[in-house]
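The structure appears below as structure tokens.
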Amino acid sequence: EGIQKIHEIKSNIEKSKLEAEKAEREGNLNRVAELKYGVLPQLQKDLEGENNKLASLQKETKMLKEEVDEEDIAEIVSKWTGIPVGRLMEGEANKLVRMEEELKQRVVGQDEAIRLISNAIRRSRVGIADPNRPVGSFIFMGPTGVGKTELARSLADFLFNDENTLVRIDMSEYMERHSVARLIGAPPGYVGYEEGGQLTEIVRRKPYSVILFDEIEKAHPDVFNILLQILDDGRLTDGQGRVVNFKNSILIMTSNIGSQWIYEMNKENRESVMQKVNDSLREHFKPEFINRLDEIIIFNNLDKEQIIKIVDIQLNILKERLQGKKIGLKVTTKVKEFLAEKGYDPHYGARPLKRTIQRYIQDPLALQILEGIIKEGDKLETDLDDKNEKIIFKKL
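In terms of the UniProt record's numbering, the sequence shown opens at residue 1 and continues consecutively.
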């Protein structure tokens with residue numbers, strides 16, 4: 001990056017010199033003075049600054065390695081194949097052993113869901129599951145805001161070292177029969193033939209992906225014929241006749257079926273609620289589809305203690321951002337409880353939490369930074385005002 005900037009500045013210096021000569025020939029003395037005494041000296045100053053930065057960087061690290069090492073090879077192979085660098089560099093066995101521990105750091109209150117997913121993926125990776133099927137296939141069931149999408153995102157980040165390997169497909173867009181072709185691409189002679197399918201094209205380019213089919217119950221029945229083929233053979237033929245391999249992908253389907261019972265689920269009635277939800281699921285989906293899934297996972301409702309843990313996770317993300325601005329932030333237990341109370345809704349789970357943190361912490365913080373009240377190097381502690389309605393910031 002530093003070398004590129006130096007090249008750009010040198011190029012701008014040459015252009016400015018040529019422009020100054022041209023202006024001199026044309027008698028445009030104002031422009032000549034502007035270039036010679038304004039633009040060019042500033043460019044020379046910028047060039048000197050970039051050269052100093054580059055010299056400093058070269059002292060700290062070698063610009064060029066004398067030998068190609070494992071890391072360089074992994075980086076290049078990753079770019080060619082779409083296989084994440086972490087999978088090439090780190091022993092997968094070690095990674096899978098600590099899978100639950102890693103996922104629990106991001107997803108709160110869903111230990112059973114994490115355990116079931118981890119077991120299914122380990123079965124696949126050690127080679128005792130069917131090798132011709134995707135790495136894992138799951139239905140996530142439960143009300144909104146309990147961590148279904150967050151677990152899918154965390155899984156993508158854990159296995160493939162990149163949250164962007166999560167592909168989200170909204171199945172409400174595939175309710176009509178004619179829309180199903182968009183998943184695999186239009187056949188020859190039809191509009192959109194060259195574009196490829198919305199599902200097949202993504203997996204063809206990025207075979208290591210977590211594919212999230214959101215609200216699967218809304219999809220047209222023909223979609224399930226496509227999914228059955230993937231679950232059975234681990235591959236799918238697109239509209240252009242190309243075979244797309246899903247054997248390194250993970251399929252996750254979310255559903256709100258039975259949410260009315262899951263809302264009321266607790267330790268005492270868990271078994272009966274799960275039975276009702278499973279019965280409802282079997283009424284909606286064909287047995288051959290359900291039997292091909294690795295796990296049907298019912299997500300728990302979140303209690304206040306778990307909401308506070310999620311508040312902690314969200315605040316830690318904010319603290320990291322503030323550390324980049326050299327501002328320290330300490331949040332008291334009282335404030336965390338206040339945020340948990342304001343940010344939790346029984347019908348929306350933890351979903352409103354981010355907005356609550358934005359409203360009560362990020363917005364006033366941003367304003368005070370702009371006003372110069374909070375500056376670089378400040379250490380802050382949060383507290384509630386006298387009416388317990390507003391969060392205030394104190395400098396330590």
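Backbone N, C-alpha and C fix where the C-beta goes; we use that ideal spot for every residue, glycine too.
DSSP three-state call for glycine 202: helix, strand or coil?
The displayed chain sequence assigns isoleucine, not glycine, to residue 202. Reduced to three states, the DSSP call for isoleucine 202 is helix.
Report yes if the CB atom of leucine 212 is closer than 8 Å to the CB atom of leucine 281, and no otherwise.
no
Apart from the five residues just before and just after glutamate 381, which ones in its own chain have a Cβ nearer than 6 Å to its Cβ?
Lys330, Lys394, Leu396
Let's test the definition: count the other Cβ atoms within 10 Å of the Cβ of isoleucine 128 and tell me whether it reaches 16, buried, or not, exposed.
exposed
With burial defined as no fewer than 16 other Cβ atoms inside 10 Å of the residue's Cβ, what is the status of isoleucine 373: buried or exposed?
exposed
Let me know the secondary structure DSSP gives alanine 156 once reduced to three states.
helix
Proximity below 8 Å, CB of aspartate 238 to CB of glycine 185
yes
Nearest to methionine 253 by alpha carbon, out of Ile296, Val180, Ser16?
Ile296
Cβ of isoleucine 226 within 8 Å of Cβ of leucine 251?
no
Who are the Cβ neighbours of isoleucine 298 in its own chain at under 7 Å, not counting the five residues just before and after it?
Met141, Gly142, Ile262, Met274, Val277
Quickly, what does DSSP pair lysine 379 with across the bridge? List them, please.
Gly328
Cβ pair count under 8 Å reaching 3, the segment 116-127 against the segment 91-100
yes
Give me the residue from Asp111, Gly349, Ile139 with the minimum Cα distance to isoleucine 308.
Gly349
CB of glycine 147 within 8 Å of CB of glutamine 110, strictly:
yes
With 16 other Cβ atoms within 10 Å as the buried cut-off, status of serine 172
exposed
Valine 311, buried or exposed, once every other Cβ within 10 Å from all chains shown has been counted against 16:
buried
Would you tell me roughly how many angstroms separate the C-alpha atoms of glutamate 217 and leucine 318, rounded to the nearest one?
36 Å
Chain-order list of residues whose beta-carbon lies under 6 Å from that of isoleucine 76 (same chain, five-residue window excluded)
none
Collapsed DSSP secondary structure at glycine 145 in the structure displayed
coil
DSSP three-state assignment for aspartate 170, whether helix, strand or coil:
strand
Hey, could you find the ends of the beta strand (DSSP E) methionine 253 is sitting in?
250-255
DSSP three-state call for leucine 212: helix, strand or coil?
strand
First and last residue of the beta strand (DSSP E) that includes leucine 236?
235-237
In three-state terms, what does DSSP make of phenylalanine 393?
strand
Is the distance from the Cβ of isoleucine 361 to the Cβ of isoleucine 327 below 8 Å?
no
Measure from the alpha carbon of glutamine 5 to the alpha carbon of each residue in Leu54, Ala33, Glu19, Ala23, then state which is nearest.
As written in the sequence, residue 5 is lysine, which differs from the glutamine given in the question. Nearest C-alpha to lysine 5: Leu54.
Grouping DSSP H, G and I as helix and E and B as strand, with all else coil, what is aspartate 345?
strand
So, with DSSP's three-state summary, where would you put histidine 7?
helix
Name, in chain order, the residues that DSSP records as bridge partners for phenylalanine 140.
Thr254, Ile297
Bounding residues of the beta strand (DSSP E) (the contiguous stretch that carries valine 108):
No beta strand (DSSP E) contains valine 108, which DSSP labels as neither H nor E.
If you count every other CB in all the chains shown that lies within 10 Å of the CB of valine 126, and 16 or more means buried, which is it?
exposed
Among residues of its own chain, excluding the 5 on either side of serine 154, which ones have a beta-carbon nearer than 7 Å to its beta-carbon?
Leu103, Arg106, Val107
Would you kindly check if the distance between the Cβ of leucine 353 and the Cβ of residue 406 is under 8 Å?
Only positions 1 to 396 of the chain appear in this structure, which leaves residue 406 out of reach.
Using 8 Å as the threshold, is the C-beta distance between leucine 35 and serine 11 below it?
no
Going by C-alpha to C-alpha distance, which of Ile73, Asn52, Arg204 sits closest to lysine 247?
Arg204
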